[in-house]
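Student: Input: one structure, supplied below.
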Amino acid sequence: MTEDISKILVSEEEIKEICSRLGKQISEDYKGKKLFLVSVLKGAVVFMADLMRNITCDCEIDFMAVSSYSGTKTTGVVKFKKDLDINPEGCDILLVEDILDSGVTLSYLKDVLIGRNAASIKICTFLDKPANRQADISADYVGKIIPDEFVVGYGLDYDEKYRNLPFVGVLSSKVYADK
Ligand code: IMP
Ligand code: MG
């Protein structure tokens with residue numbers, strides 16, 4: 057599996073530092089509020105698990121599932137596969153994502169939650185790839201800004217593979233060149 061990675065972009069050590077920094081900041085910002093962490097399946101589960109253990113204020117978690125990707129390309133159309141269990145009305149929601157790329161997914165989810173009268177909606181993304189942005193959206197909390205390369209590991213996949221790598225790496229283009 058690691059032979060398909062051309063470069064490590066975020067090491068295990070840096071991941072720990074990022075989660076600690078974001079957790080502290082979020083804990084301060086949401087002190088005294090009831091925070092709902094909403095993670096987007098499946099890519100963000102690993103980050104969610106690390107981030108929540110660095111948050112010291114009261115919080116609940118919930119999950120949504122959408123898909124917009126086929127291989128390494130976004131289709132631009134978001135499909136809703138699993139809705140929230142909680143009713144977001146009146147809740148302070150923090151959307152937890154693995155990567156903000158075109159922004160199509162998060163801007164769609166944000167609109168859905170606004171429509172359901174959440175009290176506030178903010179975005180925390182582990183990675184931000186601004187070069188490829190199509191939607192008018194930015195994150196309130198960003199782990200790391202990365203160049204426009206297709207990355208895998210730490211929850212991120214290529215056709216459901218590589219999610220279990222403990223670091224984030226650039227996927228060698230030879231893996232998908234002939235697909
Ligand atoms: P967006 O809608 O284009 O912002 O993309 C959102 C989703 O696409 C992310 O949550 C990821 O699941 C996936 N994605 C975007 N870029 C990458 C990448 O470099 N590697 C793996 N998945 C990616
Ligand atoms: Mg995702």
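For the sequence shown, the residue numbers in my numbering are 57 to 235.
Note that beta-carbon positions come from the ideal geometry of N, C-alpha and C, so glycine has one too.
The structure presented is a predicted model; accordingly, all values stated were derived computationally and were not measured.
Bridge partners of Thr181, per DSSP?
Tutor: Glu153 and Val198
Student: Measuring from the CB of Leu212, is there a heavy atom of the ligand IMP at a distance below 7 Å?
Tutor: yes
Student: What is the DSSP secondary structure of Lys217, counted as helix, strand or coil?
Tutor: strand
Student: Using a threshold of 7 Å, is the CB atom of Lys185 nearer than that to any non-hydrogen atom of the ligand IMP?
Tutor: Yes, the Cβ of Lys185 comes within 7 Å of a heavy atom of the ligand IMP.
Student: Could you work out which residue in Asp118, Thr58 and Ser158 is closest to Asp139 when comparing CA atoms only?
Tutor: Asp118
Student: Between Asp106 and the rest of its own chain, which residues show a CB-CB distance below 6 Å, the 5 nearest in sequence each way excluded?
Tutor: Cys75
Student: What residues match up with Cys115 in a beta bridge as DSSP calls it?
Tutor: Leu91
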